[in-house]
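Novice: Questions regarding the structure given below will be posed in turn.
Protein chains: 2
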Amino acid sequence: MSIQIRNFIVILFCNQCGASVDSLIPPGDALLRAVCSKCGHIHYENPRMIVGCIAEFEDKILLCRRAIEPQYGFWTLPAGFMENGETTAQGAAREALEEACANIHLDAPFALISIAHINQVHLFYRGHMKEAKFAAGEESLAVDLFKIEEIPWDELAFTSVRFCLEKFTEDKTRHCFSFHETSLP
Amino acid sequence: MSIQIRNFIVILFCNQCGASVDSLIPPGDALLRAVCSKCGHIHYENPRMIVGCIAEFEDKILLCRRAIEPQYGFWTLPAGFMENGETTAQGAAREALEEACANIHLDAPFALISIAHINQVHLFYRGHMKEAKFAAGEESLAVDLFKIEEIPWDELAFTSVRFCLEKFTEDKTRHCFSFHETSLP
């Protein structure tokens with residue numbers, strides 16, 4: 032789950048003609064955009080989605096220990112940037128396969144988290160594994176199953192992952208899962 | 032709700048140095064990216080989010096008649112591209128203000144719709160208006176309140192809007208709202 036790249040690229044040149052861009056508010060718009068000084072092409076930039084899952088096997092949750100920055104060595108849920116051409120569910124399943132070599136059967140959307148200052152929206156599903164088959168993918172140092180009481184709370188990589196695991200723990204305790212939404216500062 | 036722009040721009044030049052780009056799979060990646068032939072900058076492209084709402088006043092729903100293409104003249108829910116620096120809820124409220132000059136109090140996320148072939152994810156909230164105060168914004172020909180039996184089903188602009196209104200009608204009928212997810216072809 033590489034959540035801190037891709038977001039803060041300043042556009043300097045037009046991707047259509049290669050000329051320099053100006054930062055200005057186009058007619059009928061309300062926000063500054065990078066507008067080509069030559070061909071006028073407007074470069075819209077919008078938030079990106081991170082998709083992932085809380086995958087259970089029996090009474091345990093699948094976590095990955097990060098092999099990449101940011102938060103190298105910390106634990107996270109399998110998740111990553113949603114790609115063009117896929118659905119949110121396909122993206123979440125793909126990330127679990129890439130990071131944890133695990134086939135996840137997704138059950139339902141579980142949490143939606145806006146992180147406005149880094150232009151991201153995180154979406155996590157609940158899911159389950161039919162067998163305890165997993166391994167560390169390229170971006171993971173280790174992958175393991177954790178009972179709720181074993182979750183390494185002090186070694187979690189991201190606040191969105193913490194939010195998810197807290198809500199999951201609460202819902203699991205009362206045997207009732209709902210959909211959770213929040214925004215993180 | 033301008034859902035068919037911004038999505039199919041082919042990147043031809045590097046936005047960091049203005050040189051031409053090549054389409055290739057970077058080391059450690061699995062997908063073709065536009066990679067700068069000179070500075071090596073990788074241009075990631077990801078799905079964009081459309082955020083909107085089903086806003087009620089008493090037993091009526093707020094709809095906007097589009098003053099822009101695509102689907103000029105058809106009815107839609109207030110919605111549009113989520114912008115950097117805002118949360119999904121802030122984006123949904125902003126779009127209602129822009130398109131319908133309406134202040135919406137958002138209640139809960141209602142529907143999440145992946146439309147993979149146009150690289151979009153649509154998120155709709157349920158919300159309500161405290162007074163019947165609205166007007167056509169710049170992108171709307173008209174804005175009006177519709178009882179469920181008055182919804183112009185044959186003149187709806189988008190399949191995601193239809194999905195939302197169908198699910199809303201079902202949930203409303205049984206007096207129980209849940210969160211709905213789907214993908215549209």
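These protein sequences, in sequence, are chains A and B.
Using this note's numbering, the letters of the first sequence map in sequence onto residues 32 to 216.
Using this note's numbering, the letters of the second sequence map in sequence onto residues 32 to 216.
The C-beta atom is built at its ideal place from N, Cα and C for all residues, glycine as well.
How do the region 56-64 of chain A and the region 56-67 of chain B stand: do at least 3 beta-carbon pairs fall below 8 Å, yes or no?
Specialist: No, the region 56-64 of chain A does not touch the region 56-67 of chain B.
Novice: For A:Leu196, count neighbouring Cβ atoms within 10 angstroms of its own Cβ and tell me buried if that reaches 16, exposed if not.
Specialist: Looking at its Cβ environment, which holds 16 or more other Cβ atoms inside 10 Å, A:Leu196 is buried.
Novice: I'd like the list of long-range same chain contacts for A:Pro183, defined as Cβ closer than 6 Å, with 5 residues on each side in sequence excluded.
Specialist: So the list reads Trp106, once near-sequence residues are dropped.
Novice: Around the C-beta of A:Leu43, are 16 or more other C-beta atoms found within 10 angstroms, so that it is buried, or is it exposed?
Specialist: When all chains shown are included, A:Leu43 counts as exposed.
Novice: Going by the DSSP bridge assignment, what does A:Ile99 pair with across the sheet?
Specialist: Answer is none; A:Ile99 lacks a bridge partner.
Novice: Does DSSP classify B:Thr119 as helix, strand or coil?
Specialist: It is helical.
Novice: Between the C-alpha atoms of A:Gly168 and A:His153, what's the straight-line distance to the nearest angstrom?
Specialist: If I take the Cα positions, the gap works out to 21 Å.
Novice: What are the boundary residues of the alpha helix (DSSP H) that includes A:Cys67?
Specialist: Segment 64-67 is the beta strand (DSSP E) holding A:Cys67; no alpha helix (DSSP H) there.
Novice: Spatial neighbours of B:Glu114 within its chain, please: CB distance less than 7 Å, with the 5 preceding and 5 following residues excluded, ordered by chain position.
Specialist: For B:Glu114, where only same-chain residues beyond five positions count, the Cβ hits under 7 Å are Gly122.
Novice: Check whether the Cβ of B:Tyr103 lies closer than 9 Å to any Cβ atom in chain A.
Specialist: It does not: the Cβ of B:Tyr103 has no partner Cβ on chain A nearer than 9 Å.
Novice: Give me the Cβ distance between B:Leu93 and B:Phe165, rounded to the nearest whole Å; I'm assuming they're in contact under 8 Å.
Specialist: Rounded, the Cβ-Cβ distance is 6 Å, consistent with contact.
Novice: Is B:His136 helix, strand or coil by DSSP?
Specialist: Here B:His136 sits in strand by DSSP.
Novice: Tell me the residue span of the alpha helix (DSSP H) that contains A:Val192.
Specialist: Its alpha helix (DSSP H) spans residues 190-204.
Novice: Any chance the region 126-134 of chain A sits against the region 194-210 of chain A, with 3 or more Cβ pairs inside 8 Å?
Specialist: As far as the Cβ criterion goes, the region 126-134 of chain A does not touch the region 194-210 of chain A, which means the pair count is below three.
Novice: Could you give the C-beta distance for B:Arg96 and B:Leu143, rounded to a whole number, given that I count them as a contact under 8 Å?
Specialist: No, B:Arg96 and B:Leu143 are not in contact; Cβ-Cβ is about 25 Å, not under 8 Å.
Novice: Which one of B:Ile146, B:Ala86, B:Leu137, B:Ile99 has the shortest CA to CA distance from B:Ile179?
Specialist: B:Ile179 has its Cα closest to that of B:Ala86, out of B:Ile146, B:Ala86, B:Leu137, B:Ile99.
Novice: Report all residues from its chain with a CB closer than 7 Å to the CB of A:Thr213; omit the five preceding and five following residues, and keep chain order.
Specialist: Taken in chain order, the residues that qualify are Ile144, Phe194.
Novice: Which same chain residues, not among the five before or five after B:Thr204, have their C-beta less than 6 Å away from its C-beta?
Specialist: Cβ within range, chain order: n/a, list empty.
Novice: Restricting to Cα atoms, I'd like to know which of A:Gly49, A:Phe177, A:Thr190, A:Arg157 is closest to A:Cys207.
Specialist: Nearest of A:Gly49, A:Phe177, A:Thr190, A:Arg157 to A:Cys207, Cα basis: A:Arg157.
Novice: For A:Ser68, collect the residues of the same chain with a Cβ closer than 6 Å to its Cβ; drop the 5 residues on either side in sequence, then sort them by chain order.
Specialist: Around A:Ser68: Ala50, Ser51, Asp53.
Novice: Just to confirm the assignment, what range does the beta strand (DSSP E) spanning B:Tyr156 have?
Specialist: Taken as a continuous stretch (DSSP letters only), the beta strand (DSSP E) holding B:Tyr156 covers 151-159.
Novice: Hey, out of B:His159, B:Pro78, B:Asn46, B:Cys70, whose CA is closest to A:Asn150's CA?
Specialist: Among B:His159, B:Pro78, B:Asn46, B:Cys70, the Cα nearest to that of A:Asn150 belongs to B:Pro78.
Novice: Who pairs with A:Phe141 in a beta bridge, going by DSSP?
Specialist: Partner(s): none; A:Phe141 has no beta bridge.
Novice: Note down, in chain order, every chain A residue with its Cβ under 8 Å from the Cβ of B:Phe208.
Specialist: Per Cβ cutoff of 8 Å: no residues; B:Phe208 is ~11 Å from chain A at best.
Novice: Got a sec: which bits of the region 128-156 of chain A sit with their beta carbon under 7 Å from any beta carbon on chain B, in order along the chain?
Specialist: Here the close residues are Pro140, Leu143, Ser145, Ala147, Asn150, Val152.
Novice: Is DSSP giving A:Ala173 helix, strand or coil here?
Specialist: Strand.
Novice: Could you tell me whether any Cβ in chain B is nearer than 9 Å to the Cβ of A:Ala65?
Specialist: Closer than 9 Å to some Cβ of chain B, the Cβ of A:Ala65 qualifies, so yes.
Novice: How should B:His211 be labelled, buried or exposed, when 16 other C-beta atoms within 10 angstroms of its C-beta is the threshold for buried?
Specialist: Buried.
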